[in-house]
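Okay, so here's the structure we're looking at.
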Amino acid sequence: MVKKATPTLTSGLNLKNSPKSKRSAVLFSGGKDSCMAIYLAKQRGYEIACLISVFSKNKDSYMFHTPSIESTKHQAEVMGVPLITGKTKGEKEEELKDLEKIIKKAKTKYKINTLITGALKSEYQASRIQKICDKLKIDCFNPLWQKDELEYLNDLIKNEFNVIITGVAAHPLDKSWLGRRIDREFIEQVIDLNNKYEIHPAGEGGEFETFVLHCPLFKRPLTIKNQKISGEKNSWRMDIEVE
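When you line the sequence shown up against this note's numbering, it's residues 1 to 243, in that order.
Now the structure itself:
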């Protein structure tokens, strides 16, 4: 049985999350969570006005996904959605001020009234983003919040999301996991790893990071042009260039 965190935040699916225009920006890392969040939000009638990607200099940031983050521009292109980018040194709490500035820019430029995130279980991320949204007087919608992780992984496969692993940071994950696709075999293995090592099946504890090469949101698949692998022991990353 998968071990779960005790939730204290309310699921975005149960909130009054239907602003009149639903004009939204999405915190976008290029991984499975932000792509699935867009997919679910569009099904609920949200208009995706822009994507927001934050480039952090801190590879161990608690807030931001870093492997292959600069390739989000190609994902935005195949989705036909504008991308706003910003940089941060990734210093704890200071990175939140940087994020607030970028969201404020999106609000001004694209007249958004909602921010969509791919938060699944992380109260650390969700609570801090909610505070920023409250300050900027916009709604925050987390369509994946507290979703069963195995149901979620199976939904990725069912809806033909081509998701690969671009980073690992937990024992016994190693270099061999880089580039692996999330498929049935992957799910079986992470269930076993959860039972033995308490690794979160969806990587919500930062155990692994992902990149989406294709999904129903894309006009065409992306292909890997170049890749650079770095790391040691149980901490590895694969930075990719796509086209």
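Glycine is no exception: its CB is placed at the ideal position from the N, C-alpha and C atoms.
Per-residue burial, residue i [other beta carbons within 10 Å of its own, 16 or more giving buried]
i: phenylalanine 194; result: The question names phenylalanine, but residue 194 in the sequence shown is asparagine. Asparagine 194 comes out buried.
i: glutamine 43; result: exposed
i: proline 172; result: exposed
i: serine 71; result: buried
i: proline 221; result: exposed
i: glycine 331; result: No answer is possible for residue 331: it lies beyond the span of the chain, which begins at 1 and ends at 243.
i: proline 216; result: exposed
i: methionine 185; result: Before going further, note that residue 185 is glutamate rather than methionine in the sequence given. Counting Cβ neighbours within 10 Å, glutamate 185 comes out exposed, since fewer than 16 surround it.
i: tyrosine 46; result: buried
i: threonine 88; result: buried
i: isoleucine 229; result: exposed
Which of helix, strand or coil DSSP assigns to residue i
i: cysteine 50; result: strand
i: leucine 193; result: helix
i: glutamate 123; result: helix
i: glutamate 243; result: coil
i: glycine 31; result: coil
i: phenylalanine 186; result: helix
i: isoleucine 138; result: coil
i: lysine 233; result: coil
i: threonine 108; result: helix
i: leucine 245; result: For residue 245 there is no data in the structure shown, the boundaries of the chain being 1 and 243.
i: isoleucine 199; result: coil
Proximity of residue i and residue j at Cβ, strictly below 7 Å
i: valine 257; j: tryptophan 177; result: Here the chain has residues from 1 to 243 only, and residue 257 is not among them.
i: isoleucine 138; j: asparagine 113; result: yes
i: glutamate 204; j: asparagine 226; result: no
i: arginine 180; j: isoleucine 199; result: no
i: histidine 214; j: asparagine 162; result: yes
i: cysteine 50; j: tyrosine 124; result: no
i: serine 24; j: isoleucine 116; result: yes
Next on the checklist: Just to confirm the assignment: which complete alpha helix (DSSP H) runs, minimum length 4, are found wholly within the region 45-101?
Outcome noted: 72-79
Next on the checklist: Can you confirm whether the region 207-218 touches the region 122-142 when touching is taken to mean that 3 or more C-beta pairs between the two stretches lie within less than 8 Å?
Outcome noted: Result no; under three Cβ-Cβ pairs closer than 8 Å.
Next on the checklist: So, does the region 140-148 touch the region 52-72, judging by three or more C-beta pairs under 8 Å?
Outcome noted: no
Checklist entry - Would you say the region 24-34 touches the region 66-81, given that touching needs at least three Cβ pairs under 8 Å? => result Flag = yes, the region 24-34 and the region 66-81 touch.
Checklist entry - Enumerated in chain order, which unbroken segments of the alpha helix (DSSP H) with a length of 4 residues or greater are wholly contained in the region 142-178? => result For the alpha helix (DSSP H) assignment, the uninterrupted runs of no fewer than 4 residues enclosed by the region 142-178 are, from N- to C-terminal side, 149-158.
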